[in-house]
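Letter by letter, the sequence shown follows residues 183 to 402 of full-length UniProt numbering. Even for Gly, the Cβ is constructed at its ideal location relative to N, Cα and C. Since this is a predicted model, take the numbers as computed values, not measurements.
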Amino acid sequence: VAETSLKGKKVLVTAGPTYESIDPVRFIGNHSTGKMGFDIAEAMADKGAEVILVTGPTHMKNRNTTIKNIKVESAQQMYDVCHQYFDSVDVVVAAAAVADYKPKVVAAQKIKKNESTFTIELEKNPDILASLGERKKQQYLVGFALETENEIEHAKAKIKKKNLDLIVLNSLNDEGAGFGKPTNKVTFIDKDFNIFPQELKSKEAVAEDIVNKIKEHYEI
Ligand code: C5P
Numbered sequence: 183v184a185e186t187s188l189k190g191k192k193v194l195v196t197a198g199p200t201y202e203s204i205d206p207v208r209f210i211g212n213h214s215t216g217k218m219g220f221d222i223a224e225a226m227a228d229k230g231a232e233v234i235l236v237t238g239p240t241h242m243k244n245r246n247t248t249i250k251n252i253k254v255e256s257a258q259q260m261y262d263v264c265h266q267y268f269d270s271v272d273v274v275v276a277a278a279a280v281a282d283y284k285p286k287v288v289a290a291q292k293i294k295k296n297e298s299t300f301t302i303e304l305e306k307n308p309d310i311l312a313s314l315g316e317r318k319k320q321q322y323l324v325g326f327a328l329e330t331e332n333e334i335e336h337a338k339a340k341i342k343k344k345n346l347d348l349i350v351l352n353s354l355n356d357e358g359a360g361f362g363k364p365t366n367k368v369t370f371i372d373k374d375f376n377i378f379p380q381e382l383k384s385k386e387a388v389a390e391d392i393v394n395k396i397k398e399h400y401e402i
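So this is what it looks like as C-alpha cells:
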C-alpha cells in the first residue's frame, strides 16, 4: 500500500549543478551529480506529494512519471522556474549546487586562443533560496549547507540569512559525505537551532530522513 502522508502537498526540489556559459561551447560548472535531489524528489513522491523537480545539467534520469522534471542550465533559468512555481508550493528543498558566479559577458562567438593569459570577469548569480526566503508565506523552506569549518555556526547563519525552516548540513570533514559519493552524513538544524546529527547512510536513506523530518512539520 502506497504511503500517502504527503498527499495534497506540492513540493519543489532543485537538484544538480548549474552551467554558466562563457561562449557558445564553454561553461563554468561543478561536480554535483544531482543524486541527493533526485532521491529526495523520489522519496517525496513515494509519500504522495506532487513533485516538481528543477534540475541543472545531470546524467541522472527521472524514472518516476508522477514527478514533473523541468530541465534548466543556468542559475538564472533555475531562479526563473522556481519563482514561477513558488506561490503554489508548500515545500521547497534546494539541493542544487548553484554556481555562485557567472561570466559577466557571454561571448557570442567561440573565444580564440590568442593571448598567453586570459581573464574572465565574473558577477554574482542571484541566490535562489534567499530570494524565495524573502517571498516566503506558507512555504516550508529547506536548504543545504556544505561547510569545511565552523559548520554549525555557518549553517545557523544561513538559516537566518535565507529565512529557512530547516538546513541539511554536510560536513566535508566527515568521511563518506558530499559530492559524487553514494553515501552522506548530515546534521539537521531547524529554525529554532535544534541540532539533530544523523548517521552515515546511503543517499536514499538520507533522502528518506529529510522527507520524514519535513513531514513532522505537518504532524502537529
Ligand atoms: O550559500 P550557500 O551556497 O552555501 O547555500 C547553499 C544553499 O543555498 C543550498 O540549499 C543551495 O541550493 C542554495 N543556493 C541557491 N542559490 C544560490 C546559491 C545557493 O538556491 N545562488
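E316 and G325 have their C-alpha atoms spaced approximately 14 Å apart.
In the three-state DSSP reduction, R245 falls in the coil class, being neither helix nor strand.
In this structure, the CA atom of H213 is about 21 Å from the CA atom of P206. DSSP lists E232 as the beta-bridge partner residues of K192. Taking a contact to require three or more Cβ pairs closer than 8 Å, the region 365-373 and the region 290-307 do not qualify as touching. Non-local beta-carbon contacts of I249 in its own chain, meaning distances under 6 Å to residues more than five positions away in sequence, involve A223, A227, V233 and L235 in chain order.
In this structure, DSSP gives D221 a helical state, which the three-state scheme calls helix. Taking C-beta atoms under 8 Å as the contact rule, A257 and V280 qualify, at a distance of about 5 Å. For Y400, there is no enclosing beta strand (DSSP E), as DSSP marks it with neither H nor E. Between T196 and G211, the CB-CB gap reaches or exceeds 8 Å. Looking at L354, P308, D391 and V193, the one whose alpha-carbon comes closest to that of Q259 is P308. Taking the Cα positions, K191 is about 8 Å away from V273.
Contiguous alpha helix (DSSP H) elements confined to the region 286-335 occur at 310-317, taking only those with 4 or more residues.
If you check the C-beta of V263 against ligand 1, you find no heavy atom less than 7 Å away.
In the DSSP secondary-structure assignment, T365 is bridged to S384. Distances from the CB of T196 to the heavy atoms of ligand 1 include at least one below 7 Å. With contacts defined as CB atoms closer than 8 Å, V271 and V193 qualify as a contacting pair. Between L348 and K395 a beta carbon distance of about 6 Å is seen, short of the 8 Å cut, so the two are scored as contacting. Annotation for A257: the continuous alpha helix (DSSP H) segment containing it runs A257 to F268.
Rounded to the nearest whole angstrom, the C-alpha separation of D221 and L351 is 17 Å. Short of 8 Å from the beta carbon of I204, and not among the five residues preceding or following it, lie these beta carbons of its own chain, in chain order: I210, P285, V288, A289, I293 and I302.
Taking E390 as reference, the option from A225, E333, K243 and G198 with the minimal CA-CA separation is A225.
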